[in-house]
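Numbering follows the numbering used here, in which position 170 of the sequence shown is assigned residue number 204; successive positions increment by one, without gaps. Think of the CB as a built atom: it goes at the ideal place given N, C-alpha and C, for glycine as much as any other residue. No experiment lies behind these values; they were computed from the predicted model shown.
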Amino acid sequence: MIGRRALLLGVGAVVASPHRLGASAPARDELDLVLNGAWRQGGYALGRTEPGALIFVDGEALSNASADGLFVVGFDRDAPAGVEIAVRSGDRTTRRVLDIAPHDFPSTRVDGLPPATVEPSDPALLARIQQEVAVKTEAFASDADADDFRDGFIWPLEAFRISSEWGAQRVLNGTPARPHYGVDLAAPAGTPIRAPADGRVIFVRPDMHFEGGLTLIDHGQGLISAYLHQSQQDVASGQTVRRGDPLGRVGMTGRATGPHLCWRLKWRNRNLDPSLLIGAHAP
35 MIGRRALLLG VGAVVASPHR LGASAPARDE LDLVLNGAWR QGGYALGRTE
85 PGALIFVDGE ALSNASADGL FVVGFDRDAP AGVEIAVRSG DRTTRRVLDI
135 APHDFPSTRV DGLPPATVEP SDPALLARIQ QEVAVKTEAF ASDADADDFR
185 DGFIWPLEAF RISSEWGAQR VLNGTPARPH YGVDLAAPAG TPIRAPADGR
235 VIFVRPDMHF EGGLTLIDHG QGLISAYLHQ SQQDVASGQT VRRGDPLGRV
285 GMTGRATGPH LCWRLKWRNR NLDPSLLIGA HAP
């Protein structure tokens, strides 16, 4: 087992100044913009700008800064080498292009899974999976007007072993599969799971085909964390949780070969590594 303070390799923090090189102040048509975070594939940027400013990523309007001017942007596993973040308020706009570091993702093999959880073929099961995809898609579209990500995350377990790294290319029962968009935290069945940050519970279901006991939390602006394979769930949809509050218990429900928590994070349909937000703080 390892403690929650470990495993922070690869997390960096960089500040982007709102000033042009060699200038003492932003131009009149620019907004203040300060950024920090982990600028790598699967990482994120936390920003501070004018309250309510519209946030663009590569030209697409995706969010608004909070009442305190805070916002979050996520970089997918396969994010390109450069990502432009722009903030706009009225006729004033500021743009920054961030260099996104590539990451060498490992490959992992998992054998002994029930065939129906790897290559389902039964029509009734396929219909169930399709229905579950629909309800998950609706939940992941949640967009709470909050900035509960502002103080970063803590680990959702007190002690654990990482049994599969985030972003690993998966081979399931010998069949190549999608990358693993979660961090697997192996721990004994029944280990308490706690909320890594404040947020609002938006989805609780105990019997998902792949995920088993699944809970989703909206931390604001579309940043949604997920907790899979739970044997017990101690929260209800619509409930507000604070950092450290109990969410449930580690289990091995759904597609799992042993007790563990699969911890996931999404922002605007981009898959992020939740562990990179451990200890983060908005600028």
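Item to complete: Return the chain-ordered list of same chain residues with a C-beta closer than 7 angstroms to the C-beta of Gln203, the five sequence neighbours on each side being excluded.
Response: Here residue 203 is taken as the residue at index 169 of the sequence shown, counted from 1. Contacts found: Phe139, Ser141, Pro213.
Discussion item. Please classify Ala229 as buried or exposed, where buried requires at least 16 other C-beta atoms within 10 Å of its C-beta.
Written reply: Taking the sequence shown and counting its residues from 1, the one referred to as residue 229 is at position 195. Answer is buried; the Cβ neighbour count reaches 16.
Practice prompt. Locate the beta strand (DSSP E) running through Thr209, then write down its first and last residues.
Written response: What you label residue 209 is simply residue 175 of the sequence shown in a count that begins at 1. Start and end: 209–213.
Worksheet item: Does the Cβ-Cβ distance between Thr291 and Gly146 come in under 8 angstroms?
Response: One-based indexing of the sequence shown puts residue 291 at position 257. One-based indexing of the sequence shown puts residue 146 at position 112. Closer than 8 angstroms, so yes.
Worksheet item: Touch check for the stretch 125–132 and the stretch 93–105: three-plus C-beta pairs under 8 angstroms?
Response: no
Discussion item. Restricting to runs no shorter than 3 residues, where is the beta strand (DSSP E) found entirely within the stretch 89–128?
Written reply: 94–98, 104–108, 116–123
Fill in: Contact under 8 angstroms by Cβ, Ile251 with Gly233
Here residue 251 is taken as the residue at index 217 of the sequence shown, counted from 1. Here residue 233 is taken as the residue at index 199 of the sequence shown, counted from 1. The answer is yes: Cβ separation under 8 angstroms.
Fill in: Buried/exposed call for Leu281, threshold 16 Cβ in 10 Å
The residue labelled residue 281 in the question sits at position 247 within the sequence shown. Taking every protein chain shown into account, the CB of Leu281 has 16 or more other CB atoms within 10 angstroms, so this residue is buried.
Worksheet entry | Boundaries (first-last residue) of the alpha helix (DSSP H) holding Leu159 | Stepping through the sequence shown from its first residue, residue 159 is reached at position 125. Residues 157–174.
Practice prompt. Compute the Euclidean distance between the alpha carbons of Leu262 and Asn98, then round it to the nearest angstrom.
Written response: What you label residue 262 is simply residue 228 of the sequence shown in a count that begins at 1. What you label residue 98 is simply residue 64 of the sequence shown in a count that begins at 1. Spanning the two alpha carbons is a distance of roughly 29 angstroms.
Discussion item. By the DSSP assignment, the beta strand (DSSP E) with Ile236 in it spans what residues?
Written reply: In the sequence shown, counting from the first residue as 1, residue 236 sits at position 202. For Ile236, the enclosing beta strand (DSSP E) stretches over residues 233–242.
Practice prompt. Figure out for me which residue from Ala231, Arg289, Ile163, Gly254 has the closest Cα to the Cα of Trp320.
Written response: No information on residue 320 is available, as it lies outside the stretch 35 to 317 that the chain covers here.
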